[in-house]
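Right, one structure below, let's go through it.
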Amino acid sequence: MKAAVLHAPGDVPRFEDVPEPEPGEGQEVLQVTACPLTNLDRMLAAGTHFASSANLPAVCGTLAAGRLSDGTRVLFRSPGGAMAEQAVANRAWCTPIPEGLDDDLAAAVQNPGVSTWAALEWRAKLRPDERVLVLGATGVAGRIAVQLAKRLGAGRIVAAGRNTDVLAALPGLGADATIQLDQPDDELRAAFRAEGSFDVVLDYLWGRPAEVFISTLGHTDMVLRSACTRFVQVGSTAGANVSLSADLLRSSGLELVGFGTGNAPPAAELDRLRGEVMGLVASGQLRMDVRRVPLAQVHEVWNLDQKGTRTVLIP
Numbered sequence: 010m011k012a013a014v015l016h017a018p019g020d021v022p023r024f025e026d027v028p029e030p031e032p033g034e035g036q037e038v039l040q041v042t043a044c045p046l047t048n049l050d051r052m053l054a055a056g057t058h059f060a061s062s063a064n065l066p067a068v069c070g071t072l073a074a075g076r077l078s079d080g081t082r083v084l085f086r087s088p089g090g091a092m093a094e095q096a097v098a099n100r101a102w103c104t105p106i107p108e109g110l111d112d113d114l115a116a117a118v119q120n121p122g123v124s125t126w127a128a129l130e131w132r133a134k135l136r137p138d139e140r141v142l143v144l145g146a147t148g149v150a151g152r153i154a155v156q157l158a159k160r161l162g163a164g165r166i167v168a169a170g171r172n173t174d175v176l177a178a179l180p181g182l183g184a185d186a187t188i189q190l191d192q193p194d195d196e197l198r199a200a201f202r203a204e205g206s207f208d209v210v211l212d213y214l215w216g217r218p219a220e221v222f223i224s225t226l227g228h229t230d231m232v233l234r235s236a237c238t239r240f241v242q243v244g245s246t247a248g249a250n251v252s253l254s255a256d257l258l259r260s261s262g263l264e265l266v267g268f269g270t271g272n273a274p275p276a277a278e279l280d281r282l283r284g285e286v287m288g289l290v291a292s293g294q295l296r297m298d299v300r301r302v303p304l305a306q307v308h309e310v311w312n313l314d315q316k317g318t319r320t321v322l323i324p
């Protein structure tokens with residue numbers, strides 16, 4: 010069968026022949042119908058993610074849509090790689106795709122939709138009328154974050170990103186204001202301060218944008234304050250590190266937490282959110298743009314700037 014195969018960290022996967030997968034105990038072989046190309050896939054392949062594997066060559070991709078042997082359409086995750094004509098998965102990892110929702114859109118929304126909802130509701134504990142800042146709002150997950158924050162009752166949503174065209178469209182998805190990140194540090198700092206305080210920050214960038222924002226939170230007096238900013242760190246496309254002083258932590262209300270595999274909600278909660286997300290997409294209440302590309306062209310689109318649109322590979 011054909012698959013997208015990575016041979017060395019940092020390489021672009023090759024479209025080539027590999028043996029058909031052999032199911033282990035409790036596993037089933039699925040016919041893959043759509044596999045999203047995510048930032049996580051790129052980081053794993055580049056060797057820059059904490060879960061990157063040194064066991065290469067290997068088939069890329071972790072999440073996909075496909076069909077079980079009985080024809081049921083499902084979303085699934087595969088331990089052996091999903092960017093292929095076939096993949097294996099545990100039956101317990103498979104979630105039925107509702108009628109009215111195409112496989113490619115279901116596959117595309119699974120990761121950003123579920124993770125964003127969980128980050129806002131479960132990790133940040135977003136409450137109605139709270140103020141939200143989305144750092145990296147012009148990415149695929151960032152655009153979804155704006156919509157879900159609105160749906161969860163946020164009182165004001167500020168979207169910060171780089172892509173000017175995508176940024177201009179975010180008020181139509183629920184953003185009350187936008188901030189262009191491509192400006193000098195002092196001007197960016199002033200733009201953050203002009204928006205006042207935030208209850209929740211959802212950060213897909215880290216690096217410079219996060220550091221500049223966090224620098225606005227500290228104080229140089231001894232006034233007692235109780236307000237806090239719940240900063241949820243989700244992605245690091247702008248850099249792996251920031252400089253964070255002890256003085257800032259003690260003089261601000263910053264509460265900094267990560268969201269990922271090490272602090273995820275229980276499986277039952279993820280299942281609930283997956284169903285909720287797919288229902289919203291199927292009904293048109295959650296919008297997401299998808300670019301459908303044949304799996305054979307994986308090498309051409311691997312490093313493509315998605316500009317808020319999710320590339321989905323079709324075997």
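So for the sequence shown, this note's numbering puts the first residue at 10; every next one is plus one. Even glycine gets a Cβ: it sits at the ideal position worked out from N, Cα and C. If you're wondering where the values come from, they're calculated on a predicted model, not measured in any experiment.
Following the DSSP letters along the chain, one finds Lys134 in no alpha helix (DSSP H), marked with neither H nor E. Of Ser254, Val266 and Pro22, the smallest CA-CA separation from Val241 is found for Val266. Two segments are said to touch when three or more pairs of C-beta atoms, one from each, lie closer than 8 Å; by this definition the stretch 147 to 164 does not touch the stretch 222 to 240.
Within the stretch 71 to 158, the complete beta strand (DSSP E) segments at least 3 residues long are 72 to 76, 82 to 86, 95 to 99 and 140 to 144, listed from N- to C-terminus. For the options Gly170, Phe59, Ala291 and Gly284, the alpha carbon positioned closest to that of Gly109 is the one of Ala291. In the DSSP annotation of this structure, Arg171 is not part of any beta strand (DSSP E), being labelled neither H nor E. The closest CA to that of Val97, considering only Val38, Leu72 and Glu196, is found on Val38. Exposure of Phe59 is indicated by the presence of fewer than 16 other C-beta atoms within 10 angstroms of its C-beta. DSSP, read as helix, strand or coil, puts Val290 in helix. Secondary structure at Ala199: helix, using DSSP grouped into helix, strand and coil. Minimum Cα-Cα distance from Phe201 among the listed residues Val167, Leu84 and Ala43 corresponds to Val167. By the Cβ-count criterion, Glu25 is exposed, with fewer than 16 other Cβ atoms from all chains shown falling within 10 Å of its own Cβ. Scanning its chain for C-beta atoms nearer than 6 Å, with the 5 sequence neighbours on each side dropped, one finds around Leu142 the residues Val167, Phe207 and Val210, in chain order.
Looking at the backbone, the Cα of Pro45 and that of Thr246 are separated by about 18 Å.
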